[in-house]
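**Q**
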Amino acid sequence: MSSPLLTPELLRRLEQFQLLAARRAKSSAKGERRSRARGQSVEFADYRDYVPGDDFRYLDWNLYGRLERLFLKLYEEERELPVRIFLDASESMTFGEPRKFDFARQVAAAVGYVALSGFDRVSVIPFPELAAERRLQPAGAPHLADRAARLAELAARGALRSVRGKRSAIQFFANLSALTAGGSANLNQALRRGALEARQPGVAVLLSDFLDPAGYESGLSALVARGFQVDLVQILSPEELAPVAFGDLRLVDSESGAVQEVTFGRYRMKAYQQSVQNFLQRLREFCQSRGINFFTANSNTPLEELLLKQLRKAEVWG
Amino acid sequence: MHFLAPAALAFAATIPVVVLFYLLKRKRVVKLVSSTMLWQRFLAETQASAPFQKLRKNWLLILQILLLALSVFALSRPYFAAKAKPAELRVIILDASASMQATDESPSRFEKARGEALKWVDSLAGSDQMVILLAGANAEVKQSATSEKASLRRALQACLCSDSPTRLLPALRMAESLVRDQKNAEVHLFSDGAAPELSEFESKDRPLPLIYHRVGKGSNNLGITGLDTRANPDDARQRAVYANIGNFSTNSLETEVELLLDDRLLERRPLTIPAGEASPQVFLATQSRDGVFTVRLTAKDDLAVDNQASIASLLPKPVKVLLVTRGNRFLEKALRAAADMELAVAANLTDPAAGFDFVVLDDVAPTTWPQGNVLAIHVLNTNWVETVASVEGPPIVDWRTSHPLMRYAAFDNVQVKESYTAKTPSWALSLADAPQASLILAGDLGRQRLVWIGFDILESNWPLRVSFPIFIANAVEWLNPANAKTSQLLVKAGEAFRLALGRSETSAQVTLPGGQTRTVPIDPKASEFVFGDTAKQGVYRLRIGTNDTVFCVNLLDAAESNIKPRDELQLGKYTKIRATSMQRANMEVWRTFAGLALLVLLGEWWYYHRRTV
Chain E
1 MSSPLLTPEL LRRLEQFQLL AARRAKSSAK GERRSRARGQ SVEFADYRDY
51 VPGDDFRYLD WNLYGRLERL FLKLYEEERE LPVRIFLDAS ESMTFGEPRK
101 FDFARQVAAA VGYVALSGFD RVSVIPFPEL AAERRLQPAG APHLADRAAR
151 LAELAARGAL RSVRGKRSAI QFFANLSALT AGGSANLNQA LRRGALEARQ
201 PGVAVLLSDF LDPAGYESGL SALVARGFQV DLVQILSPEE LAPVAFGDLR
251 LVDSESGAVQ EVTFGRYRMK AYQQSVQNFL QRLREFCQSR GINFFTANSN
301 TPLEELLLKQ LRKAEVWG
Chain G
319 MHFLAPAALA FAATIPVVVL FYLLKRKRVV KLVSSTMLWQ RFLAETQASA
369 PFQKLRKNWL LILQILLLAL SVFALSRPYF AAKAKPAELR VIILDASASM
419 QATDESPSRF EKARGEALKW VDSLAGSDQM VILLAGANAE VKQSATSEKA
469 SLRRALQACL CSDSPTRLLP ALRMAESLVR DQKNAEVHLF SDGAAPELSE
519 FESKDRPLPL IYHRVGKGSN NLGITGLDTR ANPDDARQRA VYANIGNFST
569 NSLETEVELL LDDRLLERRP LTIPAGEASP QVFLATQSRD GVFTVRLTAK
619 DDLAVDNQAS IASLLPKPVK VLLVTRGNRF LEKALRAAAD MELAVAANLT
669 DPAAGFDFVV LDDVAPTTWP QGNVLAIHVL NTNWVETVAS VEGPPIVDWR
719 TSHPLMRYAA FDNVQVKESY TAKTPSWALS LADAPQASLI LAGDLGRQRL
769 VWIGFDILES NWPLRVSFPI FIANAVEWLN PANAKTSQLL VKAGEAFRLA
819 LGRSETSAQV TLPGGQTRTV PIDPKASEFV FGDTAKQGVY RLRIGTNDTV
869 FCVNLLDAAE SNIKPRDELQ LGKYTKIRAT SMQRANMEVW RTFAGLALLV
919 LLGEWWYYHR RTV
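The listed protein sequences derive, respectively, from chains E and G. Take 1 as the starting number for the first sequence in my numbering and just add one per residue. Take 319 as the starting number for the second sequence in my numbering and just add one per residue.
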């Protein structure tokens with residue numbers, strides 16, 4: 001199982017994990033998760049009085065022998081856990097060395113692989129939407145190769161909407177690799193739509209830089225309100241944490257195209273880092289108050305550090 | 319506040335230019351970033367997008383305007399006009415004596431003193447004036463009263479240190495005359511204080527406002543303080559060179575003393591001199607022709623100028639003496655006892671006795687008075703002395719033992735029957751005094767050297783005393799023109815060299831110790847050649863016509879060799895001046911502004927680099 005996204009070694013270690021869901025699975029499809037529903041499994045749940053029409057196979061004959069009354073043994077129904085991965089594919093994710101988007105894809109692949117290994121269903125939702133974004137681009141016939149690539153990506157995006165089973169992992173990785181980033185994202189809109197679209201809530205993993213001037217609050221609130229257990233990984237590039245360009249600068253926003261002029265020197269590095277910390281702190285506090293797991297990752301941190309230590313420690317999986 | 323150079327305020331026109339530069343749009347480096355969200359905090363203060371847009375608060379701009387304002391202010395030379403304060407006069411006296419060459423201060427005391435004086439020049443307030451006097455061999459006004467700092471600095475830079483002893487007295491007198499009518503005047507003396515003659519200074523009407531800046535700290539010095547050469551009394555073919563070497567430091571010092579004749583080493587002897595003591599040294603040397611003896615100390619000390627001294631030594635010639643007497647065996651015998659003597663005796667003198675070195679007139683009024691040196695005994699000549707009276711049995715109450723004539727000659731048991739007495743004339747010193755008047759006079763009258771004895775020695779018991787032959791021997795020595803000439807050839811640094819001219823000359827050539835040759839014009843009517851440029855010690859060679867003369871300039875001054883800086887100056891009998899620790903006084907205001915401007919410039923530089931680097 002070779003993949004450009006994750007090393008075989010890492011995959012082997014990820015196989016040991018299982019996503020931990022604090023809530024009972026609410027999916028209607030059968031799976032390996034405990035649910036409130038009663039059904040067929042080996043996990044004993046309760047007794048109830050026999051009523052005519054019940055399946056005799058579930059009668060507890062031992063109890064009948066002692067009490068001479070008929071009781072039916074109830075078992076927990078095991079169901080699947082829907083895992084939705086919201087992947088920020090906006091233009092701002094293409095920055096950084098290594099690129100934030102590459103890092104995000106790797107995390108998405110790892111989360112997806114763990115979920116697939118646990119017989120859970122995985123949906124990857126990249127935003128912004130590809131077609132809607134491309135329509136806004138300047139007129140003129142796109143090149144044929146471009147069109148073919150776009151069609152391929154559209155197909156990949158479609159395939160990623162719902163993946164199940166460990167056997168789908170290779171295709172899953174290939175589809176993730178086919179994704180590209182570009183355009184301007186609206187985080188709130190994407191999350192709200194994701195919350196509405198989900199038939200059953202489950203685990204939502206959000207991979208983004210959260211550098212959206214419109215904010216992230218309403219989107220996250222919508223997910224939580226829908227009943228998702230939200231895990232949030234903020235990915236920033238090293239340049240965003242400690243800029244290396246100094247002097248009189250004209251900054252151009254990659255997504256909005258807005259131009260802003262600053263004069264920046266080393267002595268202001270602290271002030272800059274302070275403002276970054278303030279931004280992170282606001283996000284962290286917002287998450288804590290809503291029971292969201294929050295992680296910050298520099299795009300050049302080793303993947304193993306985040307996956308095997310931080311996520312495990314926070315009991316995202318175990 | 320007033321301005322000395324208000325025209326400089328026109329430079330303030332540059333301030334709007336700086337503002338203009340800030341109004342113009344700055345060129346920026348375009349940089350694509352993922353999001354400008356994180357930069358919001360830095361946008362507000364430096365946003366400038368359109369040319370000639372509203373000026374924003376910018377520390378760089380404020381600093382640059384402040385810098386310009388301070389510079390313009392400094393250029394306009396502001397000052398505070400103090401009311402009713404008359405201009406001050408500062409007289410700077412720079413001691414340029416030999417001891418100021420001591421190297422205990424780096425590079426030398428003189429340079430240090432010059433540096434201090436320059437600081438005072440810098441601190442001179444607007445209308446104050448300053449005079450610069452150089453007290454070297456002579457007191458010299460290097461710069462008359464002015465407030466022009468450039469001239470004062472130039473004058474100080476042009477000062478040179480001499481090899482001569484300190485002559486502060488004339489400089490102080492000059493300074494006193496300068497500050498006499500000034501209310502706010504100060505005399506600043508930069509010296510090491512080696513000036514013993516200052517005790518002779520008496521202020522005329524009010525104390526001299528003297529501030530003494532002491533220069534120097536060490537006293538590590540060995541010096542030659544005396545040098546003389548004579549015929550060896552034991553062997554007339556040899557010369558005896560006498561040198562006195564003093565140790566003025568607080569430690570015992572070792573050195574080698576070398577004797578050279580015309581740069582040829584004759585003798586070298588090691589010497590250890592205890593602290594504060596002097597060691598007289600006598601060298602014996604054979605001399606076959608006229609030459610220059612040089613005594614040299616090899617030890618390294620703080621003052622180099624007194625480590626070498628030279629003396630010109632002429633070969634002894636027999637002294638020719640004419641004794642005009644009616645018969646005086648005592649005198650004749652005493653004269654004949656002198657070494658190398660050719661004595662002629664006569665009863666009367668009818669010609670000026672030009673062939674003799676000197677003439678002894680013993681109770682004879684000659685027909686013709688001699689031209690040369692004279693020892694006159696009981697002779698009256700009204701050209702020499704006036705108001706002559708005759709006294710009976712005058713007691714000799716005092717005699718001047720310090721005079722070379724009176725060396726080892728005591729008069730305590732000499733009785734005189736009768737004597738002429740004379741008021742001491744201006745040319746002479748009284749050597750022996752009766753209560754009424756002088757009995758013995760000696761001095762130089764014009765080019766003639768005279769010894770006048772008022773009484774007839776045969777009418778006294780003096781010939782029977784041991785002091786008589788000694789006195790006569792001293793007189794032969796003193797009156798011998800050759801000896802006088804020899805002593806003329808030894809000049810103290812800074813003193814004029816004088817030489818009698820035999821005939822009329824128009825120019826002379828002097829070769830200085832450094833090797834430079836100087837041609838000195840001579841007035842054809844002058845009877846004497848005078849050369850005053852003797853500030854540097856060493857051997858000078860003089861050529862007048864076809865005659866060559868060698869003379870030596872030396873320091874030979876114990877007070878100067880004692881380079882220990884004095885904390886106190888004895889000024890007159892009762893005044894003591896302590897060394898001051900005062901430093902330069904009030905500074906001109908523009909320096910403050912210029913300094914502030916510099917600070918602001920540094921601050922601006924720092925701020926700019928912090929922003930952009």
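Every residue gets a Cβ at the ideal spot worked out from N, C-alpha and C, and that includes glycine. Since we're looking at a predicted model, the values are computed, not measured.
Buried or exposed for P839/G, going by 16 or more other Cβ atoms inside 10 Å?
**A** Counting Cβ neighbours within 10 Å, P839/G comes out exposed, since fewer than 16 surround it.
**Q** D212/E: buried (16+ other C-beta within 10 angstroms of its C-beta) or exposed?
**A** Buried is the call here.
**Q** Would you please state the rounded distance, in angstroms, between the beta carbons of I714/G and I771/G? I believe it to be under 8 Å.
**A** Actually they are not in contact, since the Cβ atoms of I714/G and I771/G sit about 12 Å apart, beyond 8 Å.
**Q** Return yes when the Cβ of D580/G is within less than 8 Å of the Cβ of Y560/G, no when it is not.
**A** Taking C-beta atoms as the reference points, Y560/G and D580/G fail to come closer than 8 Å.
**Q** Using only CA atoms, which one of Q475/G, E878/G and F611/G lies nearest to A622/G?
**A** E878/G
**Q** According to DSSP, simplified to helix, strand and coil, what is P514/G?
**A** helix
**Q** So the candidates are G265/E, E240/E, S208/E and S275/E; which of them puts its Cα closest to the Cα of D88/E?
**A** S208/E
**Q** How would you label L889/G, buried or exposed, when you count the other beta carbons within 10 angstroms and need 16 or more for buried?
**A** Buried.
**Q** Just to confirm, is the Cβ distance from D620/G to I881/G under 8 Å?
**A** Judged by their CB atoms, D620/G and I881/G are nearer to each other than the 8 Å cut-off.
**Q** With a threshold of 8 Å between beta-carbons, can V337/G be considered close to chain E, or not?
**A** no
**Q** Figure out for me which residue from D751/G, A387/G and R765/G has the closest Cα to the Cα of N691/G.
**A** R765/G
**Q** Looking at chain G, is there any beta carbon in it that lies within less than 8 Å of the beta carbon of V262/E?
**A** yes
**Q** Between P213/E and chain G, is there a C-beta pair that is closer than 8 Å?
**A** yes
**Q** Thinking C-beta only, is L176/E closer than 8 Å to L5/E?
**A** yes
**Q** Tell me, please, whether the stretch 767-781 of chain G touches the stretch 728-738 of chain G by the rule of three or more beta-carbon pairs shorter than 8 Å.
**A** yes
**Q** Write down the C-beta distance between E574/G and P588/G rounded to the nearest angstrom, noting that I regard them as a contact closer than 8 Å.
**A** 5 Å
**Q** Any idea what DSSP makes of K437/G, helix, strand or coil?
**A** helix
**Q** Could you tell me the alpha carbon to alpha carbon distance between L914/G and A420/G, rounded to whole angstroms?
**A** 39 Å
**Q** Just to confirm before moving on: does the CB-CB distance between P126/E and L179/E stay below 8 Å?
**A** yes
**Q** Pick helix, strand or coil for E133/E, following the three-state DSSP scheme.
**A** Unreliable positioning characterises E133/E in this predicted model, as indicated by a pLDDT of 44, which lies under 50. A coordinate reading is not provided.
**Q** Expressed to the nearest angstrom, what Euclidean distance is found between the alpha-carbon atoms of L303/E and D120/E?
**A** 23 Å
**Q** Which residues does DSSP list as the beta-bridge partners of G541/G?
**A** G564/G
**Q** Just to make sure I have the definition right: I need the residues of chain G whose C-beta is within less than 8 Å of the C-beta of A258/E. Which are they?
**A** Simply T354.
**Q** On a CA-only basis, which of A657/G, P883/G and A627/G is nearest A793/G? Give me that one, please.
**A** A657/G
**Q** Who pairs with F789/G in a beta bridge, going by DSSP?
**A** Partner(s): none; F789/G has no beta bridge.
**Q** Helix, strand or coil for R226/E, going by three-state DSSP, please let me know.
**A** helix
**Q** Please check the pair L319/E and Y216/E, which I expect to be a contact at CB under 8 Å, by giving their CB distance rounded to whole angstroms.
**A** The requested residue 319/E is not part of the displayed model; chain E covers only 1 to 318.
**Q** Is E813/G helix, strand or coil when you go by DSSP?
**A** coil
**Q** Helix, strand or coil: how does DSSP classify K270/E here?
**A** helix
**Q** How many Å lie between W924/G and P396/G at the Cα?
**A** Looking at the two C-alpha atoms, the distance is approximately 29 Å.
**Q** Could you work out which residue in L342/G, H320/G and Q382/G is closest to Y926/G when comparing CA atoms only?
**A** Comparing C-alpha distances from Y926/G to each of L342/G, H320/G and Q382/G shows the shortest one belongs to Q382/G.
**Q** Would you grab the beta carbon distance between F611/G and S597/G for me? Rounded to a whole angstrom, and I think it's under 8 Å.
**A** Contact doesn't hold; Cβ gap of about 18 Å is too wide.
**Q** Quick one: does W923/G have its CB under 8 Å from some CB of chain A?
**A** The structure shown has no chain A; the protein chains it does contain are E and G.
**Q** Report the three-state DSSP secondary structure of L830/G (helix, strand or coil).
**A** coil
**Q** Quick check: what's the CA-CA separation for M448/G versus A271/E?
**A** 58 Å
**Q** Along the alpha helix (DSSP H) that carries E9/E, what are the first and last residues, could you check?
**A** P8 to L14
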